[in-house]
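K.L.:
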């Protein structure tokens, strides 16, 4: 019998359902965020979705990861002693037989409340969607709108973000006053009000003034916006910050692995192809550093 490979979208549905089932059987709490939850709630047009993004109750992340590792999943972006300028907001797990990734979040950039508190707020408003004929817990309408808003605020000038901002605006502008008030309260409780204030203004929502960000929060947020969802800027700053004796190791760590190739089931680039890729990443990092210091 010939095996039929799953299409990418099918594989992601199956993977999300599998992770949800593993967590359920082990009594671990998780929520699917972004991806199909946004189209389910009418916050974004339906389209093929990327990685499987999972927000896990912080205390449950370790046990869930160990269960997934038993099935061959492994992390490539472990924080080092001299980490990136912004700590990765997810541990990305890859598998040699799956052409997609699991992003395991314990917090979400832009929400600066305690991660356990943020998760609890989102957990209380959860809903379920059916993927691969399995129920998968995900953020509810209000939580999904907040997660989408902080994600869009982090990469405001990306072409895809501009389209999705319009879709988010169109959806939220039709909400009732009660739903808009719930979104305002959730943003304040998650200490995300200042991050999403520009987006809220486009739909006539006034953020609450409690839960203000600290100076460190603002520094973290600026770094994430400058990073633009890419690693070049972070690697560049990490290299500059590392002591001289650690610089060779930091450099080798940055250059030794291409997660996109692994996630796509492709061989690691070598030779001139790898050098061109490295040069492009270094150029991106230097460009971000110049913007940061200007």
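In our numbering, the protein residues as written are 3 to 296.
Heads up, the beta-carbon is just placed ideally off N, CA and C, and yes, glycines get one too.
(1) Which ranges does the beta strand (DSSP E) cover as unbroken runs of at least 3 residues, wholly within the stretch 136-187, from first to last along the chain?
(2) Cα separation between residue 111 and residue 278?
(3) Can you tell me whether residue 35 is buried or exposed, with buried defined as 16 or more other CB within 10 angstroms of its CB?
(4) With a threshold of 16 other CB atoms inside 10 Å of the CB of residue 20, please say whether the residue is buried or exposed.
(5) Leaving aside the five residues before and after residue 2 along the sequence, list all residues of the same chain whose C-beta is less than 6 Å from its C-beta, in chain order.
(6) Go through its chain and collect everything with a Cβ distance to residue 93's Cβ below 6 Å, but skip five positions before and after it.
(7) For residue 83 and residue 246, what's the separation of their Cα atoms in angstroms?
(8) For residue 33 and residue 124, which I take to be in contact (beta-carbon distance under 8 Å), what is that distance rounded to the nearest angstrom?
(9) Counting C-beta neighbours from all protein chains within 10 Å, is the total for residue 204 16 or more, i.e. buried, or is it exposed?
(10) Just the Cα atoms here: how many angstroms apart are residue 138 and residue 130?
(11) Between which residues of its own chain and residue 44 is the CB-CB distance below 8 Å, once the five residues before and five after are set aside?
(12) From the DSSP output, which residues share a beta bridge with residue 192?
(13) Please go through the same chain and pick out, in chain order, the residues whose beta-carbon is closer than 7 Å to the beta-carbon of residue 267, but skip the five residues on each side of it.
(14) Buried or exposed, going by whether 16 or more other CB atoms sit within 10 Å of the CB of residue 103?
(15) Applying the 10 Å Cβ sphere with the 16-neighbour rule, what's the burial state of residue 265?
(16) Three-state secondary structure (DSSP) at residue 35?
(17) Could you work out which residue in 144, 97, 118 is closest to residue 178 when comparing CA atoms only?
(18) Is it right to say residue 164 is buried, meaning 16 or more other beta carbons lie within 10 angstroms of its own, or is it exposed?
(19) Along the chain, where does the beta strand (DSSP E) that runs through residue 102 open and close?
(20) What does DSSP give as the partner residues of residue 207 in its beta bridges?
(21) Classify residue 1: buried if its beta carbon has 16 or more other beta carbons within 10 angstroms, exposed otherwise.
(22) Where does residue 116 sit, in a helix, a strand or coil, going by DSSP?
(23) Which class does residue 55 belong to by DSSP, given the choice of helix, strand or coil?
(24) Which residues share a DSSP beta bridge with residue 133?
(25) What number of angstroms, rounded off, separates the C-alpha of residue 214 from the C-alpha of residue 193?
(26) Do residue 223 and residue 198 count as a contact pair if the criterion is CB distance below 8 Å?
(27) Suppose the cutoff is 8 Å on Cβ atoms and the five residues either side in sequence are ignored; what does the same chain contact list for residue 209 look like?
(28) Of all the options 220, 227, 171, which has the alpha carbon lying nearest to the alpha carbon of residue 46?
(29) Assign residue 91 to one of three DSSP states: helix, strand, or coil.
(30) Does the Cβ-Cβ distance between residue 166 and residue 154 come in under 8 Å?
P.N.:
This is what the structure gives:
(1) 136-140
(2) 30 Å
(3) buried
(4) buried
(5) Residue 2 cannot be examined here, being either before or after the span of the chain that is shown, 3 to 296.
(6) 77, 106
(7) Reliability fails at residue 83, whose pLDDT of 47 lies under 50, so the model's placement of it is uncertain and no value is given.
(8) 6 Å
(9) exposed
(10) 5 Å
(11) 173
(12) DSSP, once it has assigned bridges, lists no residue as partnering residue 192.
(13) Model confidence at residue 267 stands at a pLDDT of 47, short of 50, so the residue's coordinates are unreliable and nothing is read from them.
(14) buried
(15) For residue 265, the predicted structure reports a pLDDT of 45, less than 50, and the residue's modelled location is therefore unreliable. A value from the coordinates is still provided. Residue 265 comes out buried.
(16) coil
(17) 144
(18) exposed
(19) 100-107
(20) Bridge partners of residue 207: none, in fact.
(21) The requested residue 1 is not part of the displayed model; the chain covers only 3 to 296.
(22) coil
(23) strand
(24) 136
(25) 6 Å
(26) no
(27) 186, 189, 190, 195, 196, 198, 199, 202
(28) 171
(29) coil
(30) yes
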